[in-house]
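J.: Supplied in structure tokens, the structure appears directly below.
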Amino acid sequence: MGAGGYRERPSRFASAVAWTRTVTARDATVPVLPDGCMDLLWVGGRLMVAGPDTRAFRPVVAADTRYAGLRFAPGTAPALLGVPAAELRDQRVELAQIWSSASVRQLADQVTEASDPLAAMEAIVLRRATEVPPPDPVLRRVVSALDAGWSVGATAAAVGLNARLLHRRSLAAFGYGPKTLARVLRLQRALAQARAGVSFAATAVGAGYADQAHLAREVRDLTGMPLGQVLTRSGTAADQASVG
Numbered sequence: 001m002g003a004g005g006y007r008e009r010p011s012r013f014a015s016a017v018a019w020t021r022t023v024t025a026r027d028a029t030v031p032v033l034p035d036g037c038m039d040l041l042w043v044g045g046r047l048m049v050a051g052p053d054t055r056a057f058r059p060v061v062a063a064d065t066r067y068a069g070l071r072f073a074p075g076t077a078p079a080l081l082g083v084p085a086a087e088l089r090d091q092r093v094e095l096a097q098i099w100s101s102a103s104v105r106q107l108a109d110q111v112t113e114a115s116d117p118l119a120a121m122e123a124i125v126l127r128r129a130t131e132v133p134p135p136d137p138v139l140r141r142v143v144s145a146l147d148a149g150w151s152v153g154a155t156a157a158a159v160g161l162n163a164r165l166l167h168r169r170s171l172a173a174f175g176y177g178p179k180t181l182a183r184v185l186r187l188q189r190a191l192a193q194a195r196a197g198v199s200f201a202a203t204a205v206g207a208g209y210a211d212q213a214h215l216a217r218e219v220r221d222l223t224g225m226p227l228g229q230v231l232t233r234s235g236t237a238a239d240q241a242s243v244g
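Under full-length UniProt numbering, residues 1 to 244 are what the sequence shown spells out, in order.
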């Protein structure tokens with residue numbers, strides 16, 4: 001799907017979406033909304049990582065800047081990167097801060113010199129996935145349960161973890177506890193419904209909020225904007241391109 005200078009497609013790495021974006025003057029300040037995901041970014045010949053956001057991220061980006069990225073499903077990137085997600089929460093960092101500078105320079109050169117930078121990034125991730133243990137399958141069940149609107153307590157019981165252990169593993173995998181992840185996933189459900197033309201009142205009920213006032217408070221708390229403004233300023237898939 002695409003809008004403006006943004007395009008995405010399924011990645012060859014099963015737990016990611018591949019995307020490219022050319023920033024236009026109109027969308028240079030479009031906020032990136034919390035979605036539970038982490039991204040590997042290529043921009044200006046550099047490889048970077050976008051950590052999990054707890055609030056809307058407002059980039060300062062020049063028009064015509066070109067990006068390529070892999071957006072990883074919640075809980076996927078930490079195993080690949082070898083770093084707990086909580087250490088990257090609300091941050092954009094150079095990959096060289098996580099992996100060795102020499103190896104990252106070599107990888108960045110490979111991506112920059114490739115005819116298809118995005119395919120080169122996928123090759124890096126696919127190779128890395130063969131070298132590290134896979135993500136804990138329990139984490140996928142946690143995401144599914146919370147995204148279905150289950151309570152944190154019900155989710156913990158369903159996956160066989162006590163509340164303290166679920167919180168600890170969530171910090172490492174998602175960057176924050178299960179309660180915050182549930183709020184972020186609920187926000188994304190609400191935005192999907194509102195963008196589809198569902199009334200705000202019906203969106204509140206359908207996404208799992210107590211009422212429309214609860215929806216309004218949560219949207220403002222997580223994005224810094226009222227829902228109507230969120231839809232106006234970030235009404236396409238491009239709002240998830242985690243530019244830094």
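Glycine included, each C-beta is placed from N, C-alpha and C at the ideal position.
These figures come from a predicted structure and were not determined experimentally.
(1) Report all residues from its chain with a CB closer than 6 Å to the CB of Arg128; omit the five preceding and five following residues, and keep chain order.
(2) Please confirm whether Gly45 and Ala108 have their CB atoms less than 9 Å apart.
(3) Report yes if the CB atom of Leu70 is closer than 9 Å to the CB atom of Leu33, and no otherwise.
(4) So what's Met121 in DSSP terms, helix, strand or just coil?
(5) Would you identify the three-state DSSP class for Leu40, choosing helix, strand or coil?
(6) Flag this pair as touching only if the region 213-222 and the region 186-194 have three or more C-beta atom pairs under 8 Å; answer yes or no.
(7) Give a yes or no on whether 9 Å exceeds the smallest Cβ distance from Ala201 to chain B.
(8) How far does the alpha helix (DSSP H) with residue 252 in it extend, from its first residue to its last?
(9) If we count the other Cβ atoms within 10 Å of its Cβ and call it buried at 16 or more, is Val115 buried or exposed?
(10) Given this structure, state the Cα-to-Cα distance separating Ala201 from Thr155, to the nearest angstrom.
(11) Check whether the Cβ atoms of Thr180 and Thr54 sit closer than 9 Å, and answer yes or no.
(12) Gly2 by DSSP, collapsed to three states: which one?
(13) Just to confirm my understanding: we take Asp95, look at its own chain, exclude 5 residues before and 5 after, and list those with CB closer than 7 Å. What are they?
(14) Buried or exposed: Asp221, going by 16 or more other Cβ atoms within 10 Å of its Cβ?
(15) Tell me where the beta strand (DSSP E) around Val49 begins and ends.
(16) May I ask you to report which of helix, strand or coil DSSP gives residue 247?
(17) Is Ala173 near Val142, with beta carbons less than 9 Å apart?
(18) DSSP three-state call for Thr29: helix, strand or coil?
(19) Taking the alpha-carbon positions, what's the residue 270 to Phe57 distance?
(20) How many Å lie between Leu88 and Ser199 at the Cα?
(21) Hey, quick one: how far does the alpha helix (DSSP H) through Thr112 stretch, first residue to last?
(22) In this structure, does DSSP put Pro10 in helix, strand or coil?
(23) DSSP on Ala148, reduced to helix/strand/coil?
T.: To lay it out plainly:
(1) Leu80
(2) yes
(3) no
(4) helix
(5) strand
(6) yes
(7) Structure shown: chain B not included; a single protein chain is present.
(8) This structure cannot speak to residue 252, because the chain is shown only from 1 to 244.
(9) Correcting the residue identity first, residue 115 is Ser in this sequence and not Val. Exposed is the call here.
(10) 27 Å
(11) yes
(12) Note on Gly2: pLDDT 45, under 50, position unreliable in the model; no value is reported.
(13) Checking the displayed sequence, the identity of residue 95 turns out to be Leu instead of Asp. Result list for Leu95: Leu47, Met48, Val49, Val104, in chain order.
(14) exposed
(15) 46-50
(16) Past the boundaries of the shown model lies residue 247; the chain is included only from 1 to 244, so the question cannot be answered.
(17) yes
(18) coil
(19) Look at the range of the chain in this structure, 1 to 244, and you will see that residue 270 is not part of it.
(20) 35 Å
(21) 101-113
(22) strand
(23) coil
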